[in-house]
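S.K.:
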Amino acid sequence: MFSQLRLFYLLSIGFFVFTLTVILDAFDLDFFSFVSFLL
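Right under this line is the structure:
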């Protein structure tokens, strides 16, 4: 049960990072300009 929960946690983190990378590529931004845009 715990290993399944941890696997799901890692998968969701990986998916979030992948989606963020795709969005940044689409808008042609780097990570720091995106963070400064959020702030």
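Residue numbers (the numbering used here): 46 to 84.
Note that the Cβ used here is the ideal one computed from N, Cα and C, for glycine as well.
Only a predicted model underlies this, so the values are computations on that prediction, with no experimental measurement involved.
In three-state DSSP terms, what is leucine 84?
M.R.: As a first step, residue 84 must be located in the sequence shown, where it is residue number 39. In the structure shown, leucine 84 sits in coil (DSSP, three-state: anything other than H, G, I, E or B).
S.K.: According to DSSP, is aspartate 73 helix, strand or coil?
M.R.: Here residue 73 corresponds to residue number 28 of the sequence shown, with the count starting at 1. Assigned with DSSP and collapsed to three states, aspartate 73 falls in coil, not helix or strand.
S.K.: Using the Cα positions of leucine 50 and isoleucine 68, report the straight-line distance between them to the nearest angstrom.
M.R.: In the sequence shown, residue 50 corresponds to position 5, counting from 1. In the sequence shown, residue 68 corresponds to position 23, counting from 1. Whole-angstrom Cα-Cα distance: 27 angstroms.
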